[in-house]
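Reading through the structure tokens given below for one structure.
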Amino acid sequence: MPGSEYLRYVALGDSQTEGLGDGDETAGLRGWADRLADRLAATSPGLRYANLAVRGRLASQVHAEQLGPALALRPDLATVVAGVNDLLRPRFDADEVAGHLEAMFAALTAQGALVATLTFPDIARIAPLARPAAPRAAALNQRIRAAASRHGVVVAETSHHAVVTDPRLWSRDRLHASPLGHERIAAAVAHALGLPGSGDDWTHPLPSPAAVPSGWRAAAAEARWAATFLGPWLGRRLRGRSSGDGRTAKRPHLLPVAVLPAGNRPGELMDGLGEPADTA
Numbered sequence: 490m491p492g493s494e495y496l497r498y499v500a501l502g503d504s505q506t507e508g509l510g511d512g513d514e515t516a517g518l519r520g521w522a523d524r525l526a527d528r529l530a531a532t533s534p535g536l537r538y539a540n541l542a543v544r545g546r547l548a549s550q551v552h553a554e555q556l557g558p559a560l561a562l563r564p565d566l567a568t569v570v571a572g573v574n575d576l577l578r579p580r581f582d583a584d585e586v587a588g589h590l591e592a593m594f595a596a597l598t599a600q601g602a603l604v605a606t607l608t609f610p611d612i613a614r615i616a617p618l619a620r621p622a623a624p625r626a627a628a629l630n631q632r633i634r635a636a637a638s639r640h641g642v643v644v645a646e647t648s649h650h651a652v653v654t655d656p657r658l659w660s661r662d663r664l665h666a667s668p669l670g671h672e673r674i675a676a677a678v679a680h681a682l683g684l685p686g687s688g689d690d691w692t693h694p695l696p697s698p699a700a701v702p703s704g705w706r707a708a709a710a711e712a713r714w715a716a717t718f719l720g721p722w723l724g725r726r727l728r729g730r731s732s733g734d735g736r737t738a739k740r741p742h743l744l745p746v747a748v749l750p751a752g753n754r755p756g757e758l759m760d761g762l763g764e765p766a767d768t769a
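All residue numbers for the sequence shown refer to the numbering used here, where the first residue is 490 and numbers rise by one.
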């Protein structure tokens, strides 16, 4: 049940769960799931954590590629977040995407894991050019809630709060959360799980309003975004390629989580000597 001590946490998903937007390929990606693992370890010192997420994956691919390994790790807590990549595809079927999510919910909960997921924000408020995807996100959220209810899955309702579309919570590509955004997602899931010390602070607006361009500046910003990020993304789709091609999970084994001493980056994940922990 929410609020219990956790010993094995496994994260399934795509680029958000992998951590894009929080760190880089040189120093390493962090992301909301890593940050949540840090919060969990504060009250569950024996926690071990695996992150199976791979960028670019559709919900069907998360289901096909990650569910089996996740079940083999026998988590007592799992997070399943996928579907945004599906939202942006020309042929989007909310029932099909939700079906893959529900199959993962069912399998993990049947094995005894507590599962958590989240709903998605209004994409049009983050990237106006993505306005056609807004009804899709609403339809998928509705189905996520229904599937979660059927299987006792905890839902972090991020879609309900205006702050989630504050541009400062998003990276320049507007597809991935910024470090601050990843921290808010972690806080949202921690709150939904009822972790000690968690609360609704993540729903509060940032102290000062965001500077939002208007008029020709807004149009110029949209044009730059389209040229820098949307164009390359569409190019990969037309070539049948994905940003995750050739990539594997960054943390496929259950490894201990330790917080660095004060003065270092807070919440950084460490894996001891780098050897995978027992995955039985």
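Cβ atoms here follow ideal geometry from the backbone N, Cα and C, with glycine treated the same way.
In the DSSP assignment, the beta strand (DSSP E) including residue i goes from what residue to what residue?
i      : result
Pro564 : Taken as a continuous stretch (DSSP letters only), Pro564 belongs to no beta strand (DSSP E), as it is neither H nor E.
Thr654 : It is not in any beta strand (DSSP E) - Thr654 carries neither H nor E in the DSSP assignment.
Ala645 : Val643 to Ala645
Val604 : Leu603 to Leu607
What residues match up with residue i in a beta bridge as DSSP calls it?
i      : result
Arg740 : Asn540
Tyr498 : Tyr538 and Leu566
Asp513 : Gly517
Pro745 : Arg537
When the Cα of residue i is compared with those of the options, which residue comes out closest?
i      : options                           : result
Arg544 : His742, Gly735 and Pro624         : Gly735
Leu576 : Leu525, Pro624, Leu501 and Ala651 : Pro624
Ser697 : Ala628, Pro685, Val652 and Gly502 : Val652
Arg639 : Ala679, Ser667, Ala677 and Leu590 : Leu590
Leu496 : Thr515, Glu514, Thr532 and Ala587 : Thr532
Asp503 : Leu518, Gly512, Val573 and Ala516 : Val573
Val499 : Leu547, Phe581, Thr598 and Ala645 : Thr598
Ala626 : Gly641, Arg634 and Phe609         : Phe609
Ala645 : Arg673, Pro621 and Asp662         : Arg673
Pro741 : Asp527, Arg546, Gln550 and Pro558 : Pro558
Ala592 : Pro621, Phe581, Ala622 and Gln550 : Gln550
Phe581 : Ala622, His650 and Asp662         : Ala622
Please confirm whether residue i and residue j have their CB atoms less than 9 Å apart.
i      : j      : result
Leu562 : Ala681 : no
His665 : Leu501 : no
Ala605 : Ala548 : no
Arg632 : Ala583 : yes
Ala539 : Pro579 : no
Leu455 : Arg657 : There is simply no residue 455 to check, as the chain begins at 490 and stops at 769 in what is shown.
Ser648 : Asp611 : yes
Ala679 : Ser687 : yes
Glu507 : Ala542 : yes
Val569 : Phe594 : yes
Ala747 : Gln555 : no
Leu743 : Arg537 : yes
Val643 : Ala636 : no
Gln505 : Gly517 : no
Thr692 : Ala675 : no
Ala587 : Leu560 : no
Around the C-beta of residue i, are 16 or more other C-beta atoms found within 10 angstroms, so that it is buried, or is it exposed?
i      : result
Arg524 : buried
Ala530 : buried
His552 : buried
His671 : buried
Asp690 : exposed
Asp511 : buried
Asp513 : exposed
Taking the alpha helix (DSSP H) that residue i belongs to, which residues open and close that run?
i      : result
Ala623 : Ala623 to His640
Thr506 : Ser504 to Glu507
Ile674 : Pro668 to Leu682
Asp575 : Val573 to Leu576
Leu664 : Note, Leu664: premise wrong, no alpha helix (DSSP H); not H, not E.
His693 : Here His693 belongs to no alpha helix (DSSP H), and DSSP marks it neither H nor E.
Phe594 : Ala583 to Ala599
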